[in-house]
Every structure is written in C-alpha cells, then in structure tokens.
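Asks:
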Amino acid sequence: MAELITVARPYAEAVYSLATETRTLDQWSDALAWLAAMVNNPDMVEVVTNPKHTAKEVEALMLDVLGERANESVKNFLVALIENHRLMLLPHIASQFELYKAEAENIVDAQVETAFPLTEEQKAELTSTLSKKYGKTVRLDVRDNADLIGGVRVLVGDDVIDSSVRGKLQAMAASLKN
C-alpha cells in the first residue's frame, strides 16, 4: 500500500498546486471525492479494468457521472490518469489531497474510539482539549467500540492517545512480563 501512496503523491501535489493557484480547492475536493468513489465501486472497477473498453469510453463514462464537477482541468487530469493507467490511484490521490488541504486550513482529523457513545458536551470538551494540544482546529470522527471496555482511544496522525481500560490492561500485562 505504501507504494500506491508513493505513486499517488505527485499527482496529489500537482492537483493541490493547481487548485491553490486557481483558488478551486473545494471544487477539486468535490471532484476527487466523486472520482475516488467511482473507482471504489466494484461495477466501475470492472468497466475501468476491462480491456474491451477503450480509454475514450472510460473517460466518457466517468465524465458523464461527474457531470458539472468536470471542468476542463478535471477533464485533463482524468485523461492523464487514464493514459497512464493510474485510475485506481484516485482514492489515494483524493486522500493525500485532503491532507494537504487540511494542513493549509490548519485542521487536523482525530479518529476517536469510545466504549460508550459520547454526549455532545463530551465531544466539544474533547475537541477543545485536542485543539489546544495540537494548536489546530480538530475534526472528530467518533466510533463506538465496546471492546475498549471503558474510556477512549484517540488517533491524530501518528499520535495515539489510549486512555481506554483495555489499553491500560494491556500495558499492565506487558509490564508484568518484563
């Protein structure tokens, strides 16, 4: 998977650079999300990877689905991906683009697992605490995970904050082995 990200990165950088220059970050974000969703669809994958379909047919199909999101720059980008057999990189390109965009907007995403659903007040408190810690606006993605037994586990970039009962039990068990 790291190889796909490595190959996708220059495409994402180029698109981000163009979107920044033309002040079309949101439009590119929308178009890339749609393109990524298309190539994640098994029916579309079957069409895109089938040698019976020409590059023009694949292009026409994808542009038709994109509709008005497909401005001239998006069309050119799509053609380049098709010609270079890189369509399947679209989810990675879109993901990397969103990382660049979030960085520029001083936003960080936090994946939060909780043993029990959080109240709106708890979410607001957690958001505030993480915003202070990272010095950025924090977007929470909260998911319930009963396996944690109690507490929360937060992932922000490469940082893991594990204050779950399960995490503490695992840490205690590991220290007893040493």
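The opening residue of the sequence shown carries number 1 in my numbering; numbering runs sequentially from there. Where is the CB? At the ideal position from N, CA and C, for every residue including glycine.
Taking the alpha-carbon positions, what's the N71 to F116 distance?
Replies: 44 Å
Asks: Alpha carbon to alpha carbon, what distance is there between V160 and D109?
Replies: 13 Å
Asks: Please tell me whether W28 and V7 are closer than 7 Å, where the distance is taken between their beta carbons.
Replies: no
Asks: Around the Cβ of K56, are there at least 16 other Cβ atoms within 10 angstroms (buried) or fewer (exposed)?
Replies: exposed
Asks: Have a look at the DSSP bridge pairing and note the partners of T137.
Replies: I107
Asks: Pop quiz: R166 and D141 are said to be a contact at Cβ under 8 Å. What is the actual Cβ separation, rounded to whole angstroms?
Replies: Taking a contact as a CB-CB distance under 8 Å, the pair R166 and D141 does not count as one, their CB atoms being some 19 Å apart.
Asks: Pick from V65, D144, E125: whose alpha carbon is nearest that of T137?
Replies: The candidate whose alpha carbon is nearest that of T137 is E125.
Asks: Three-state secondary structure (DSSP) at R166?
Replies: helix
Asks: Leaving out five residues before and five after P91 in sequence, what residues of the same chain have Cβ atoms less than 8 Å from its Cβ?
Replies: So the qualifying residues of the chain are A36, V39, N40.
Asks: Taking the beta strand (DSSP E) that L155 belongs to, which residues open and close that run?
Replies: 152-156
Asks: In whole angstroms, give me the CA-to-CA distance for L89 and P42.
Replies: Going by the C-alpha atoms only, they are around 15 Å apart.
Asks: Which residues in the same chain as D156 place their Cβ atom closer than 7 Å to its Cβ, once the five residues preceding and following it in sequence are excluded?
Replies: According to the sequence displayed, residue 156 carries Val and not Asp. Within the same chain, V156 has close Cβ partners V108, A110, L130, Y134.
Asks: Counting only the same chain and skipping the five closest in sequence on each side, list residues whose C-beta sits under 6 Å from that of N145.
Replies: E113
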